[in-house]
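Read the structure below first, then the notes.
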Amino acid sequence: MKHWQKAVVAVLALGVLLSASGWAVRRSPALKEVVRTVLQATGLETVVMPLLQKMGLVTPPLPEYCLPILPADRVSARRLVVTALQEALDRGDFQQAAQLNGILAQEAYQRAYRALKAWEPMRDPGTGLVPFATHPRTARWEPEHAGADLYSFLLLASHLLDPENEPLWLKAMQIEREICGPMPCMIRFGPAQMVERDLPEVTFGASEFAKDGLLALTERLGPGPWLVRMEEVMDALIDGASVQTGLGPICSNQTEVNGEMLQVLSRLYWMTGEERYLEMAERIGEVYLFDVLPHSRYLPPAAWDFEARRPLHNEIRFRDHGSEIIPGLVELYLLEKEFGRSQAARYREPLQRMLEAVLANGRAEDGLWYSIVDLETGRPTERGVVDTWGYILNAYQTFDLAEGSDTYAAEIERVMRTVATYRSFPWEGPLQDGYADTIESMLYLLPWFDIPEAHRWVDDEIEVMFGKQLSSGFVEGWYLDGNFIRTALLYAAYKTQGVASWPWRWDVRVGSAYDREGGVLYVCVGAESAWEGLLRFDLPRHRLFWNMPFEYPRLNGTPEWFVVEPEGIYRVVDFDTGESSLYSGQALADGVPVSLGGEGGMSLRLMVTEQ
49 MKHWQKAVVA
59 VLALGVLLSA
69 SGWAVRRSPA
79 LKEVVRTVLQ
89 ATGLETVVMP
99 LLQKMGLVTP
109 PLPEYCLPIL
119 PADRVSARRL
129 VVTALQEALD
139 RGDFQQAAQL
149 NGILAQEAYQ
159 RAYRALKAWE
169 PMRDPGTGLV
179 PFATHPRTAR
189 WEPEHAGADL
199 YSFLLLASHL
209 LDPENEPLWL
219 KAMQIEREIC
229 GPMPCMIRFG
239 PAQMVERDLP
249 EVTFGASEFA
259 KDGLLALTER
269 LGPGPWLVRM
279 EEVMDALIDG
289 ASVQTGLGPI
299 CSNQTEVNGE
309 MLQVLSRLYW
319 MTGEERYLEM
329 AERIGEVYLF
339 DVLPHSRYLP
349 PAAWDFEARR
359 PLHNEIRFRD
369 HGSEIIPGLV
379 ELYLLEKEFG
389 RSQAARYREP
399 LQRMLEAVLA
409 NGRAEDGLWY
419 SIVDLETGRP
429 TERGVVDTWG
439 YILNAYQTFD
449 LAEGSDTYAA
459 EIERVMRTVA
469 TYRSFPWEGP
479 LQDGYADTIE
489 SMLYLLPWFD
499 IPEAHRWVDD
509 EIEVMFGKQL
519 SSGFVEGWYL
529 DGNFIRTALL
539 YAAYKTQGVA
549 SWPWRWDVRV
559 GSAYDREGGV
569 LYVCVGAESA
579 WEGLLRFDLP
589 RHRLFWNMPF
599 EYPRLNGTPE
609 WFVVEPEGIY
619 RVVDFDTGES
629 SLYSGQALAD
639 GVPVSLGGEG
649 GMSLRLMVTE
659 Q
């Protein structure tokens, strides 16, 4: 055969291979993996798969977009603001600090708003739901991904920054319920169609949607459609529990799912007093405290065979998607102790043995945990350190609050100070989610541990996360963009101490700084053009929303910074004119009227003290 004939045959063969491969990958994910395996075996994967991607037959590796991590030695205008903020705080100039915090908060809100607006056109026309990613081959809704991590924070951003469009996001939740029923499901778009999945996948999707999405909305906003949906999801999970244990059925053999269940069930019991939530939480908790942990060196295995009473995998996952059981068990203990239930005394010993074992295993010398650790040896099998270190440390601070002690305070501070030395670090390789989670971790703990270098680290390192956002407003163009929005909103609330302008507008700046010694909150408001609206102050949401006796650090919560008691009396002084007014806490929460652009100028400086 001549050379040109061989070339023609090769082209024809490649065409047949591409056609067959394209048909296979369109049929199912399983066939796609078969094709990939065959191509790897024949050495053609690097030739065929890129061609299939260009032809739109295969989803490219996600995320499609990932900007590089900003260098630690970067020079930026934002760093000048952060430096000026630190200098103002060092000299006790809280008015200047509030003004600078306003600049930082404004950027965070603007970035969250840009991401919201970038994702709005990506909503499925038939359902209003958002897909897994922007690539057209990912046109599907998965409750554990688009639901938990993206949709919920787009809804939150819309509520805070774009309330006129919030009904569209709420309508999507209603349609999701109509398609799926009580239990969340996977939906393929165009036209919308429910996708059948195995029960463990359904259970995981539901627990993720409840804990990472609906719970976060309830923590920030209080009761609403999100709470109704969350209760319905948890009821469906309880009713569908099918994993048999010695204490009765629970929902999963996966530690992640059971940890998520404990967190949501405990908080729902605080709010509602519904016994079925407590009963399931206690069943899960006691199975782990008295069955699983005593047979696993008091370390939480990733999955457990309840019949054989042994781990399904010989590993512990200290990263997210594994460590949720640690704060979950502590939240249950706190609930039992505060309600004066006899279970608290039974739970304490095995719980503290777990906490001590977690401190003694799978950690680097500086105190951070490795991502995955061998259950038998306690040594890392994946040496990357966790970005969700705060999720674990929340449990230790919550335990101390429950006990009225500071047993773990020094260890918590040590890890926080360690993290404050990590600069431009690839927490999850090049992905922004590592930054979103590690900054979230620090923000959870700062209300209890006022460490100057930790505050400075948050202000400086969030620029690395912000630097991952594309000019389009997207971050990486997939579901984890939602975690960028989440952390941007948490950071903005930190910089304003929970004070918010209503309605929000792009050019309006609100910043606050709290003088702990003097008990004075300094607030600065500014705008580029005339603005009239309200300044709304935060309330003790832990008590008013959840009926909890005190605040504690918890996953998917929104930390309380400066809160006003509804029945309290507060003096608000105009720093420039000296005008003084008294307000009830409820009046401050409802909103203080503010007008910028008239005789008072384009800025307002206030001092707020409790009487």
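First residue of the sequence shown: 49, per the numbering used here; consecutive thereafter. C-beta atoms are modelled at their ideal positions from N, C-alpha and C, and glycine is treated no differently. These numbers were taken from a predicted model, which means no experiment stands behind them.
query: Going by Cα to Cα distance, which pick from Glu580, Glu658, Ile364, Leu582 is closest to tyrosine 618?; result: Glu658
query: According to DSSP, simplified to helix, strand and coil, what is alanine 408?; result: helix
query: Rounded to the nearest angstrom, how far is the Cβ of asparagine 301 from that of valine 291, given a contact under 8 Å?; result: 5 Å
query: CB glutamate 308 to CB glutamate 384, shorter than 9 Å?; result: no
query: Helix or strand or just coil, what does DSSP make of isoleucine 440?; result: helix
query: From which residue to which residue does the alpha helix (DSSP H) around glutamine 144 run?; result: 142-167
query: In whole angstroms, what is the alpha-carbon distance linking arginine 345 and glycine 426?; result: 10 Å
query: Comparing alpha-carbon positions, which option in Glu322, Leu403, Pro191, Val243 lies nearest lysine 259?; result: Pro191
query: Glutamate 363 by DSSP, collapsed to three states: which one?; result: strand
query: Starting from methionine 22 and walking both ways along the beta strand (DSSP E), at which residues does that stretch end?; result: The chain is shown only over 49 to 659; residue 22 falls outside these bounds and no answer can be derived.
query: Taking C-alpha atoms, which residue in Ser371, Ala443, Trp417, Phe610 lies nearest to glutamine 400?; result: Ala443
query: Can you tell me the Cα-Cα spacing of tryptophan 609 and glycine 559, whole angstroms?; result: 13 Å
query: In whole angstroms, give me the CA-to-CA distance for proline 77 and glutamate 372.; result: With a pLDDT of 48 at proline 77, under the threshold of 50, the modelled position of this residue cannot be trusted, and the question is left open.
query: Does the distance from the CB of alanine 450 to the CB of valine 378 come in under 9 Å?; result: yes
query: Just the C-alpha distance for glycine 70 and valine 106, rounded to the nearest angstrom, thanks.; result: Only weak support is given to the placement of glycine 70: the predicted model assigns it a pLDDT of 47, under 50, and the value that follows is read from those uncertain coordinates. For glycine 70 and valine 106, the distance between alpha carbons rounds to 8 Å.
query: Report, in whole angstroms, the separation of the C-beta atoms of glycine 645 and serine 577, which I expect to be a contact under 8 Å.; result: 7 Å
query: Residue range of the alpha helix (DSSP H) that proline 215 falls in?; result: 214-228
query: On the DSSP letters alone, give me the boundaries of the beta strand (DSSP E) that tyrosine 542 sits inside.; result: Counting along the chain, tyrosine 542 falls outside any beta strand (DSSP E), though it belongs to the alpha helix (DSSP H) covering 529-544.
query: Only counting the same chain, and skipping five residues up and downstream in sequence, which positions put a Cβ closer than 6 Å to that of glutamate 459?; result: none
query: Return the chain-ordered list of same chain residues with a C-beta closer than 7 Å to the C-beta of glycine 525, the five sequence neighbours on each side being excluded.; result: Pro111, Glu112, Tyr113, Ala181, Thr182
query: Pull up the distance between the alpha-carbon of threonine 320 and that of proline 375, whole angstroms please.; result: 21 Å
query: Report the CB separation of proline 478 from proline 116 in whole angstroms; it is logged as a contact under 8 Å.; result: 7 Å
query: Flag this pair as yes or no: are the beta carbons of valine 463 and leucine 416 separated by less than 9 Å?; result: yes
query: According to DSSP, what are the bridge partners of alanine 356?; result: None; alanine 356 has no bridge partner.
query: Grab the span of the alpha helix (DSSP H) containing proline 500 for me, first residue to last.; result: 500-514
query: From tyrosine 317 to proline 119, what does the alpha carbon distance come to, in whole angstroms?; result: 46 Å
query: Whose CA, out of Asp172, Leu528, Asp197, lies closest to the CA of arginine 185?; result: Asp172
query: Cα-Cα, which of Gly639, Phe623, Ile487, Gly567 is closest to proline 607?; result: Ile487
query: Alpha carbon to alpha carbon, what distance is there between tyrosine 395 and leucine 337?; result: 7 Å
query: To the nearest angstrom, how far is the alpha carbon of alanine 457 from that of glutamine 445?; result: 7 Å
query: Counting only runs that start and end within the stretch 534-599, where is the beta strand (DSSP E) found for 3 or more residues in a row?; result: 548-550, 557-563, 568-574, 579-584
query: Find out if the Cβ-Cβ distance for the pair glycine 546, aspartate 586 is shorter than 9 Å.; result: yes
query: Quick one: residues in its chain with C-beta nearer than 6 Å to the C-beta of glutamine 391, no 5 flanking neighbours on either side, listed in chain order?; result: Glu384
query: In the DSSP assignment, find the unbroken alpha helix (DSSP H) run with proline 273 in it and report its ends.; result: 273-287
query: Indicate whether alanine 220 and glycine 176 have their beta-carbon atoms separated by less than 9 Å.; result: yes
query: Taking just the CA atoms, how far does leucine 403 sit from glycine 626?; result: 52 Å
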